[in-house]
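Report on the structure given below.
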Amino acid sequence: MLSQVIQEYATEEWNRDVPAGDGLEAQLEAGRLLFFPRLRFEVGAHEEKFLSERWSDGKAKNISLRGRGATAELRGCQGAAEDLALLGGMLERFAQCAENLARQLFPVYRGRLIRGFTSYRPYAVAERQTSWRKDDTRLHVDAFPSNPTGGRRLLRVFTNVNPGYEPRVWRVGEPFENLARRFLPKVGRYSAASARLMRALGLTKALRTEYDHIMLQLHDLGKCDVDYQLRSPQRTCDFPPGSSWVVYSDQVQHAVSSGQFLLEQTFYLEAEGLEDPSSAPVRLLERLTGRALV
1 MLSQVIQEYA TEEWNRDVPA GDGLEAQLEA GRLLFFPRLR FEVGAHEEKF LSERWSDGKA
61 KNISLRGRGA TAELRGCQGA AEDLALLGGM LERFAQCAEN LARQLFPVYR GRLIRGFTSY
121 RPYAVAERQT SWRKDDTRLH VDAFPSNPTG GRRLLRVFTN VNPGYEPRVW RVGEPFENLA
181 RRFLPKVGRY SAASARLMRA LGLTKALRTE YDHIMLQLHD LGKCDVDYQL RSPQRTCDFP
241 PGSSWVVYSD QVQHAVSSGQ FLLEQTFYLE AEGLEDPSSA PVRLLERLTG RALV
């Protein structure tokens, strides 16, 4: 199965017309990672200065653009206002490229994808020291304590903008169902009352459903299991500068081993908006637990 995880495509343009019916939605929903080795995001000459850690405020691993247009907000950064306006413009341009790509590659999703944050990761992976729970060098599926998805999918577009020759090195793990079957017996009981309290106190941005609770537990149980990290089925993937890749990060286990200077665009999609809604993690977990989770 791992030999088939990476699916390579020759697309070189963010705005290229792609015939409908290529089945790329099915590839994503089956847990594949779509790799575009020559899909480059061009950093302009006036933007090359942003390929440096000095623009980060040092408090977060990401510089993020939230919202769009006049209401857009750039977070996690520092610098003069005119420079940050240019940086925000670069991230907005990448967001538009990612939207164009998703619209053309995935016609089934047109009108259904919701654009989330646009992120820029300027730090070298090895330089970020953090807790095991936040350690992205450990295999994991994406789930966030303060931002429950309620079963919505997390579709992510990545591109390596390293100015040299350094690849973004990932490890990709075994299928989501294997992870779920391994750790579901260890998942603690969900408390709806606790979820409502966290929402009332502002600790979560939305109500944490039982699905979100299980996903957080799978995230943590997999990360803290050293034997699983070392011995579970996995493969290494190198994404060179000038390449891009697309994946459902709530389904495909991934870990970053090395690299610096990455752009990332997140999209949300309701499970019912998939070509095959039964492929969603929420539906798989409902089948395994025998009950509705959202």
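Numbering (our numbering), first residue to last: 1 to 294. The beta carbon of each residue, even a glycine, is placed where N, CA and C say it ideally should be.
Asked	Found
What are the partner residues of Val256, as DSSP defines its beta bridges?	Trp170
Excluding the five sequence neighbours on either side, which residues of its own chain have a C-beta within less than 6 Å of the C-beta of Ala98, listed in chain order?	Val157 and Gln265
For the segment 55-64 against the segment 220-232, are there 3 or more C-beta pairs whose distance is under 8 Å?	no
Could you spell out where the alpha helix (DSSP H) holding Ser47 opens and where it closes?	Checking the sequence shown, residue 47 turns out to be Glu, not Ser. Premise fails: Glu47 is in no alpha helix (DSSP H) and is neither H nor E.
Give the straight-line distance between the Cα atoms of Ser194 and Gln217, rounded to the nearest whole angstrom.	15 Å
Which residue marks the beginning of the beta strand (DSSP E) containing Tyr268, and which one marks its end?	Leu262 to Leu269
Whole angstroms are fine: how far does the CA of Leu65 sit from the CA of Leu88?	Correcting the residue identity first, residue 88 is Gly in this sequence and not Leu. Their backbone Cα atoms lie some 7 Å apart in a straight line.
State yes or no: is the C-beta of Gly173 within less than 7 Å of the C-beta of Gln234?	yes
What are the partner residues of Phe35, as DSSP defines its beta bridges?	Glu8 and Trp245
Quick check on Lys223: buried or exposed, where buried means 16 or more other Cβ atoms within 10 Å of its Cβ?	buried
Looking at the secondary structure, which residues open and close the alpha helix (DSSP H) in which Ser119 lies?	Looking at the DSSP string, Ser119 is not in any alpha helix (DSSP H); the run it does join, the beta strand (DSSP E), is Ile114 to Arg121.
Pull up the DSSP beta-bridge partners for Thr71, would you.	Note: Thr71 sits in no beta bridge, so no partner.
With burial defined as no fewer than 16 other Cβ atoms inside 10 Å of the residue's Cβ, what is the status of Leu105: buried or exposed?	buried
Could you please give me the residues that DSSP links to Thr159 through a beta bridge?	Ser244 and Leu263
Using CA coordinates, which residue listed in Trp132, Leu91, Pro148 and Asp142 is at the minimum distance from Tyr120?	Leu91
What span of residues does the beta strand (DSSP E) with Asp238 cover, start to end?	Gln234 to Phe239
Taking the DSSP output, what are the residues bridged to Cys295?	Beyond the ends of the chain as shown, which are 1 and 294, falls residue 295; an answer cannot be given.
So, under 8 Å CB-CB, Gly164 and Pro241 are touching, yes? Tell me the CB distance rounded to an integer number of Å.	7 Å
Helix, strand or coil, according to DSSP, for Ser3 in the structure here?	helix
Using alpha carbons as the reference points, say which of Arg40, Ser52, Glu48 and Gly116 lies closest to Ala72.	Gly116
In the DSSP output, what is Arg153 paired with across the bridge?	Leu269
Which residues in the same chain as Arg112 place their Cβ atom closer than 8 Å to its Cβ, once the five residues preceding and following it in sequence are excluded?	Leu269, Glu270 and Gly273
Please go through the same chain and pick out, in chain order, the residues whose beta-carbon is closer than 7 Å to the beta-carbon of Ile6, but skip the five residues on each side of it.	Leu33, Phe35 and Cys237
Could you check whether Leu74 and Leu86 sit closer than 7 Å to each other, using their CB atoms as the reference points?	no
Mapping the DSSP letters down to three states, classify Leu105 as helix, strand or coil.	helix
From this set, Arg287, Leu262 and Ser278, which residue's C-alpha is nearest Phe94's C-alpha?	Leu262
If you drop the 5 nearest sequence neighbours on each side, which residues of the same chain put their C-beta closer than 7 Å to that of Ser258?	Val125, Ala126 and Val169
Kindly indicate which three-state DSSP category Leu65 falls into: helix, strand or coil?	strand
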